[in-house]
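Novice: If you read the protein sequences in the order shown, they are chains A and B. Read in order, the letters of the first sequence are residues 1 to 173 in this note's numbering. Read in order, the letters of the second sequence are residues 1 to 281 in this note's numbering.
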Amino acid sequence: MINEVLKQLLRLVLLLFIQVLIINNINLSPYVNPYIYVLLLMMMRVNVPKAQSLLIGFALGMLMDVFSSTVGIHTFATTLVGYIRPRFLALSLNKEDFDGNIEPNIANKGFVWFFTYAFSIIFIHSLALFFLEVYSMKEFFATMQRVLYSTGVTLLMIVLGQFLFFTVKPSHD
Amino acid sequence: MRNIIVFIYKYYVFLLFLLLEFFSLYLIYRYNTYQRASFINFSNGVSGNVFNTVANFKSYFRLRQINDSLQLENARLRSELFTSYYNNEIRDFKVNDSIYKQQYTYIAAKVLNNSVNRRNNYLTLNRGRIHGVKQQMGVICDNGVVGIVMGVSDRFCTVLSLLNSNAKISAKIADNNAFGSLVWDGDDPTTCRLLDVNKHVEVENGKRIVTSGFSTIFPENIPIGEVYTHSLEAGDNFHTIKVKLATGFGNLTSVYIINNFYKEEMDSLETEAQTRLTDDK
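Written as structure tokens, this is what we have:
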């Protein structure tokens, strides 16, 4: 348990470091803003209680808001992810996964499942984030482009990261 | 009563979710409508220190460019020195100047954190309350306008960049004094749009755009950029003008915060006039 908490804290520091000090300084285009820090929420073990998942999401968002001189927008987006994540997992995982309390990564669940999972989480996060940042529907299509391109790049980074850290078994299905 | 407790117990995750989301929406709403700064203040004390460490580290890599730009600016200032003017005056007299009073002073600051690729961009500077920085002060760099101070903590301040959907700066075309307001579209950090320039005004590519001096934030004639493209749609009363910004937001390192000594007097006069108008109605 203590080990698990330490591991998550280490991950948090590392992800914030990469996000705030490296990725936020890469100005690819106004349409591409990858936010890989959601990975922290995605990679929590599957049996994390729903309320805990919510509160972690809330705290993570607050922290991210502090580091990007914004108020509330990251908090809203990550709380939403914290709420949706357990529901997505309940729909798409089987009993064995919950019994084993696995970490939902590419090694445990294979490429296709992880890709769908990551895409859903990142898309919802970006959708909430970018629309709240603009705070109006006036530039709907520009904002939508922002959401789609950023989702794509974030997804690419996260999936590549998975290949970097895990060995992927050939999928069973 | 019992039913309520059962209900809460059953749906407590969902209720917690709603509570947290409403709280963050409340923050966003407050922040987008009222004094934005009050909330931001708590954040730049925390993150300011982190950004300060990183900026210290990064500044080594840019020493050469910084030296170059300082040298350029020194040259410019030197040319404005009193001694570099030829003195045409024959009589030698001295007045204790009561006509010219200093209105603006400048506080030099270093950029700790900056972004150009979001829809709403902000900067963090290493100057704060103890250096005399207040909200709503203008920020410029050697080349042109940068933004407006929003939040101030003791040692740091956050600046609403010109590259922000909430930024609107009063600007004019230098040659003919036609004024409009400058806003950012959000797709290119090197260009802005100048709105509300009447169609009878002549606009040409390459004309200089400067601050109008109508607000109490920026002095007059601070460079903003130059006209990049312009067009006049049929049936439209205003020009569509794209402005190439003089400020390179991508590599800002040193900026100046403008302190206007008469700001409060001007602002209070304007609000007084406003309230008097509404009272008369």
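Heads up, the beta-carbon is just placed ideally off N, CA and C, and yes, glycines get one too.
Quick one: what's got a C-beta closer than 7 Å to residue 176(A)'s C-beta in the same chain, skipping five residues either side?
Specialist: With chain A covering 1 to 173 only, the question about residue 176(A) has no answer from this structure.
Novice: Within the 8 Å Cβ cut-off, does residue 181(B) reach chain A?
Specialist: So no, residue 181(B) is outside the interface.
Novice: For residue 67(B), which three-state DSSP category applies?
Specialist: Helix, per DSSP.
Novice: Starting from residue 50(A), find everything on chain B with Cβ-Cβ shorter than 8 Å and list it in chain order.
Specialist: Those are 13, listed as they occur along chain B.
Novice: What residues from chain B crowd round residue 58(A), counting only those whose CB sits closer than 7 Å?
Specialist: What residue 58(A) touches in chain B: 20.
Novice: Name, going along the chain, the residues of the stretch 23-40 of chain A whose beta-carbon falls closer than 9 Å to a beta-carbon of chain B.
Specialist: Residues passing the 9 Å Cβ filter: 24, 25, 26, 27, 28, 29, 30, 31, 32, 33.
Novice: Hey, could you find the ends of the beta strand (DSSP E) residue 208(B) is sitting in?
Specialist: Per DSSP, residue 208(B) belongs to the beta strand (DSSP E) from 208-211.
Novice: Identify every run of the alpha helix (DSSP H) within the stretch 182-206 of chain B, keeping only runs that are complete inside it and at least 4 residues long; order them along the chain.
Specialist: Listed in chain order, there is nothing to give.
Novice: Does the beta-carbon of residue 109(A) have 16 or more other beta-carbons within 10 angstroms, so that it is buried, or is it exposed?
Specialist: Residue 109(A) is buried by the Cβ-count criterion.
Novice: Is it buried or exposed for residue 90(A), if we count other Cβ within 10 angstroms and need 16 for buried?
Specialist: Exposed, by the Cβ-count rule.
Novice: Against chain B, which members of the stretch 81-97 of chain A pass a CB distance test of less than 7 Å?
Specialist: Cβ contacts with chain B: 83.
Novice: For residue 44(A), count neighbouring C-beta atoms within 10 Å of its own C-beta (all shown protein chains included) and say buried if the count is 16 or more, exposed if not.
Specialist: Its Cβ being crowded by 16 or more others within 10 Å, residue 44(A) is buried.
Novice: Rounded to the nearest angstrom, how far is the Cβ of residue 65(A) from that of residue 75(A), given a contact under 8 Å?
Specialist: Contact flag correct, Cβ pair sits at about 6 Å.
Novice: Quick one, which residues of the stretch 106-130 of chain A are near chain B if we go by CB-CB under 8 Å, in chain order?
Specialist: Result list: 130.
Novice: Within its chain, find whatever has a CB closer than 7 Å to the CB of residue 108(B); leave out the 5 residues flanking it on each side and keep chain order.
Specialist: Answer for residue 108(B): 254, 256, listed in chain order.
Novice: Below 7 Å on C-beta distance, what does residue 167(A) contact in chain B?
Specialist: Going along chain B, no residue has its Cβ under 7 Å from residue 167(A), so there is no contact; the nearest lies around 34 Å.
Novice: Determine which residues share a DSSP beta bridge with residue 173(B) and list them.
Specialist: Per DSSP, 209(B).
Novice: In this structure, does DSSP put residue 263(B) in helix, strand or coil?
Specialist: DSSP places residue 263(B) in helix when its eight states are reduced to three.
Novice: With the cut-off set at 8 Å, would you say residue 52(B) and residue 112(B) are in Cβ contact?
Specialist: Result yes, Cβ atoms of residue 52(B) and residue 112(B) sit closer than 8 Å.
Novice: Enumerate, from N- to C-terminal direction, the unbroken alpha helix (DSSP H) stretches of 4 or more residues contained entirely within the stretch 111-146 of chain A.
Specialist: Correct list: empty.
Novice: Under three-state DSSP, which class holds residue 89(B)?
Specialist: With a pLDDT of only 47 at residue 89(B), under the threshold of 50, the placement of this residue in the model should not be trusted; the figure read from the coordinates follows. If DSSP states are grouped into helix, strand and coil, residue 89(B) belongs with coil.
Novice: To the nearest angstrom, how far is the alpha carbon of residue 126(B) from that of residue 48(B)?
Specialist: Answer to the nearest angstrom: the Cα atoms are 8 Å apart.
Novice: Rounding to the nearest angstrom, what Cα-Cα distance links residue 34(B) and residue 166(A) in this structure?
Specialist: Summary for residue 34(B): the model assigns pLDDT 49, below 50, so the residue's position carries little reliability; its value from the coordinates is reported in the next sentence. Their Cα atoms are separated by approximately 48 Å.
Novice: Use the C-beta contact count for residue 81(A): other C-beta atoms within 10 angstroms, 16 or more gives buried, fewer gives exposed.
Specialist: The residue is buried, with at least 16 neighbouring Cβ atoms inside 10 Å.
Novice: Please tell me whether residue 28(B) and residue 73(A) are closer than 8 Å, where the distance is taken between their beta carbons.
Specialist: Closer than 8 Å, so yes.
Novice: Measuring CB atoms only, is the stretch 145-161 of chain A touching the stretch 126-134 of chain A, in the sense that at least three cross pairs come out at less than 8 Å?
Specialist: The stretch 145-161 of chain A is in contact with the stretch 126-134 of chain A.
Novice: Mind checking which residues open and close the beta strand (DSSP E) that includes residue 30(A)?
Specialist: Counting along the chain, residue 30(A) falls outside any beta strand (DSSP E), and DSSP gives it neither H nor E.
Novice: Find the residues of chain B that neighbour residue 151(A), judging by a C-beta separation of less than 9 Å, and give them in chain order.
Specialist: Neighbours of residue 151(A) on chain B: none; closest Cβ ~15 Å, over 9 Å.
Novice: For the putative contact between residue 144(B) and residue 123(B), defined by C-beta atoms under 8 Å, what is the C-beta separation to the nearest angstrom?
Specialist: At roughly 14 Å, the Cβ-Cβ gap does not stay under 8 Å, so residue 144(B) and residue 123(B) are not in contact.
Novice: So which residues of chain B does residue 73(A) contact, with C-beta pairs closer than 7 Å?
Specialist: Under the 7 Å cutoff, chain B gives 28.
Novice: Give me the Cβ distance between residue 246(B) and residue 213(B), rounded to the nearest whole Å; I'm assuming they're in contact under 8 Å.
Specialist: Actually they are not in contact, since the Cβ atoms of residue 246(B) and residue 213(B) sit about 17 Å apart, beyond 8 Å.
Novice: Could you have a look at residue 35(A) and say whether DSSP puts it in helix, strand or coil?
Specialist: In the structure shown, residue 35(A) sits in coil (DSSP, three-state: anything other than H, G, I, E or B).
Novice: When you compare the stretch 149-161 of chain B with the stretch 260-267 of chain B, are there three or more beta-carbon pairs, one atom per stretch, that lie closer than 8 Å?
Specialist: Contact fails: fewer than three Cβ-Cβ distances are below 8 Å.
Novice: Less than 8 Å between CB atoms is the rule here; does residue 17(B) satisfy it with respect to chain A?
Specialist: With 8 Å as the cut-off, residue 17(B) counts as an interface residue toward chain A.
Novice: Got a sec: is the Cβ-Cβ distance from residue 54(A) to anything in chain B below 8 Å?
Specialist: At least one chain B Cβ lies under 8 Å of residue 54(A).
Novice: At a CB-CB cut-off below 8 Å, which residues of chain B make contact with residue 132(A)?
Specialist: The answer, in chain order, is 28.
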